[in-house]
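Anchor point for the sequence shown: position 283 equals 275 in the working numbering, and the numbering is continuous, going up by one each time.
The structure appears right after this line, and notes come after that.
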Amino acid sequence: MRSIGIGLLGCGTVGTGVVRLLTEQGARLRGRLGAELTLRRIVVRDPAKARDRAVDRQLLSTDPAAVIQDPAVEIVVELIGGVEPALQYVLQALGAGKHVVTANKALLSSHGRELFAAAERAGRALGFEASVGGGIPVLRGLRQGLAANRFREILAIINGTANFILTRMTDEGRPFDEVLAEAQRLGYAEADPSLDVDGIDAAQKLAILLLLGYGVEARPKDLHTEGIRQITPLDIQFAREFGYRIKLLAIAKDRDGELEARVHPTMLPEGHLLARVDDVFNAIAVDGDAVGPTLFYGRGAGMMPTASAVVSDLLEIGREVLAGTAGRSPVVAWPAAPPPVQSVEELMTHYYLRFQAVDRPGVFAQIAGILGRHEISISSVIQKGRRSEGGVPVVLLTHWARERNIRQALKAIDALPAVLDRTMVLRIEDEALE
Ligand code: NAP
Ligand code: HSE
-7 MRSIGIGLLG
3 CGTVGTGVVR
13 LLTEQGARLR
23 GRLGAELTLR
33 RIVVRDPAKA
43 RDRAVDRQLL
53 STDPAAVIQD
63 PAVEIVVELI
73 GGVEPALQYV
83 LQALGAGKHV
93 VTANKALLSS
103 HGRELFAAAE
113 RAGRALGFEA
123 SVGGGIPVLR
133 GLRQGLAANR
143 FREILAIING
153 TANFILTRMT
163 DEGRPFDEVL
173 AEAQRLGYAE
183 ADPSLDVDGI
193 DAAQKLAILL
203 LLGYGVEARP
213 KDLHTEGIRQ
223 ITPLDIQFAR
233 EFGYRIKLLA
243 IAKDRDGELE
253 ARVHPTMLPE
263 GHLLARVDDV
273 FNAIAVDGDA
283 VGPTLFYGRG
293 AGMMPTASAV
303 VSDLLEIGRE
313 VLAGTAGRSP
323 VVAWPAAPPP
333 VQSVEELMTH
343 YYLRFQAVDR
353 PGVFAQIAGI
363 LGRHEISISS
373 VIQKGRRSEG
383 GVPVVLLTHW
393 ARERNIRQAL
403 KAIDALPAVL
413 DRTMVLRIED
423 EALE
């Protein structure tokens, strides 16, 4: 039986899952592929470290060149993470005639075009299903199953760590730091967890969705990105009183030729499908003009779900290798005129605003007056006697308003002597309000 040699760069959370699947499920994978996926070499930083017993220590080394140059390795799997040295290793592997699989969204979102071009030049395949949505085959969904569609809208929960934290804060009232530590123990979080909680990982994944869904090359740092650090138990409680749950969403909307693309905590009606996507689960709701609404759902992080996506790429490339077609078609087809990404200041949506204000007559009128002068109208208000040293919270929801007006109004409101803290702003996705 034909054997296809695999070399692993990195054997941490995801790499260990890949080793387990290749060793423990070898017979099933062989049956599906009609060939053997044979693990030849594994590169790590510290070979002395304790490893899962599925990892054959004899395969370990610290020398990436030994994997990249090994003629017995046909597919190199990059699971180191981060941009460097991963970028150099992937380019060297392609240059050495290897097919490459990676789960590295930081790398793809920053150097996607360069890597796709390198793969095309080398005539080699580049698989990256695990880079978005963990075990969910959403990239394959966009590139294959839904390829006939114009994507009117993509709403995505694509950071498992942030979703895990928000879920446990909402359902169990647990503090942010404690839940983050648990997500780290479970292997969900990035090596630097600020990438998860500050929305950067979700922005990197959104950039990859924009590449595949719209042919748009956007740098994650140019996408409007907010994380979840500022979400307080008070906001979670107010959201509940209004009938919403707070989720970190990555959003892309095709607005008549311009693209909205943003990542931020969002209030979703409790009945919304995405509002019930909890813990480490991810979901990507894709609305296509031909197919209508679709939903991709599953575990967005963790050892075995992510390994499932990596091995799916190995099987796909393995089939192409057997057929002699691997690397023959471009990874991404670029449209002649991709839609421009709209400035977030142009965004029109509904807002939740929580002011921390001195509890005395006339303060609400001052706030409402400033909002009115900026063409922002109020749809609901909650002001309760939740006295605290820092004043009382005044919470309101707005009708459809423009982000630029909200920002200008809040600049004026936050400068009022009666307003004690920076106003908390959350955007709302609620079709019933429109
Ligand atoms: P991880 O647990 O930190 O593992 C990283 C591995 O790379 C370790 O084996 C480490 O060696 C090795 N390594 C680090 N620097 C190296 C270097 N310079 N040279 C050689 N080896 C090096 O990371 P992970 O969670 O598995 O994530 C891997 C990739 O998958 C990342 O791109 C991540 O964003 C992506 N991803 C992760 C998940 C998830 O749930 N964890 C989900 C989807 C995508 P040692 O073992 O010796 O330390
Ligand atoms: N840290 C990422 C997350 C891993 O929590 O979603 C999956 O990409």
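A virtual CB, placed ideally from N, CA and C, is assigned to each residue, including glycine.
Same chain only: Cβ atoms within 6 Å of residue i, ignoring 5 sequence neighbours per side
| i | result |
| --- | --- |
| G119 | V93, D305 and I309 |
| E145 | K245 and D279 |
| F230 | V387 |
| E28 | M(-7), S(-5) and R22 |
| A325 | none |
| A148 | A242 and I276 |
| T153 | A175, Y180, A181 and D188 |
| L389 | Y344, S371 and S372 |
| R12 | A46 |
Residues bridged to residue i [DSSP beta-bridge criterion]
| i | result |
| --- | --- |
| V255 | T217 and A242 |
| N274 | G290 |
| E250 | R247 |
| R419 | T258 and Y343 |
| T108 | Reading the sequence as shown, one finds Phe at residue 108 and not Thr. Beta-bridge pairing links F108 to no other residue. |
| I146 | A244 and V278 |
| R12 | Bridge partners of R12: none, in fact. |
| L0 | I34 and V69 |
| A64 | Beta-bridge pairing links A64 to no other residue. |
Cβ-based burial, residue i [other Cβ within 10 Å; buried from 16]
| i | result |
| --- | --- |
| E218 | buried |
| G126 | buried |
| T54 | exposed |
| G(-1) | buried |
| L100 | buried |
| D188 | buried |
| L31 | buried |
| S300 | buried |
| K376 | exposed |
| G87 | exposed |
| S(-5) | exposed |
| P56 | buried |
| G89 | exposed |
| T8 | buried |
| K97 | buried |
| S372 | exposed |
| P129 | buried |
| D227 | buried |
| E121 | buried |
| P327 | exposed |
| P409 | exposed |
| P39 | exposed |
| V302 | buried |
| T162 | buried |
| K239 | buried |
| R399 | exposed |
Cutoff 7 Å; reference residue i; Cβ partners in own chain excluding five residues on either side
| i | result |
| --- | --- |
| R135 | L204 |
| N141 | G280, D281, A282 and V283 |
| V124 | K97, V130, L131, I150, K197, I200 and L201 |
| E262 | G235, Y236 and R237 |
Residue j beta carbon less than 8 Å from that of residue i
| i | j | result |
| --- | --- | --- |
| A242 | K213 | no |
| I157 | L172 | yes |
| L71 | L1 | yes |
| V208 | P322 | no |
| G115 | G319 | yes |
| L260 | R24 | no |
| I405 | F347 | yes |
| E252 | A117 | no |
| P257 | L418 | yes |
| A210 | V333 | yes |
| D62 | R20 | no |
| V255 | L201 | no |
| A429 | I374 | Because the chain is modelled from -7 through 426, residue 429 falls outside the range shown and cannot be assessed. |
| T298 | A95 | yes |
| I60 | Q84 | yes |
| V65 | G4 | no |
| G382 | D422 | no |
| L287 | G26 | no |
Residue i Cβ short of 7 Å to the ligand ATP heavy atom set
| i | result |
| --- | --- |
| N96 | Of the ligands this structure carries, namely the ligand NAP and the ligand HSE, none is the ligand ATP. |
Own chain, CB closer than 8 Å to residue i, minus 5 neighbours either side, in chain order
| i | result |
| --- | --- |
| A111 | L86, V92, A117, L118, G319 and V323 |
| R166 | R160 |
| P77 | P56 |
| P285 | A277, V278 and D279 |
| G104 | A199, I200, L203, E209 and V324 |
Q.
Between the region 265 to 277 and the region 349 to 361, can you find at least three pairs of beta-carbon atoms closer than 8 Å?
A. no
Q. Given 8 Å as the limit, is there contact between the region 164 to 181 and the region 293 to 303, that is, 3 or more CB pairs closer than that?
A. yes
Q: Taking 8 Å as the threshold, find out whether the region 391 to 401 comes into contact with the region 321 to 340 through three or more Cβ pairs.
A: yes
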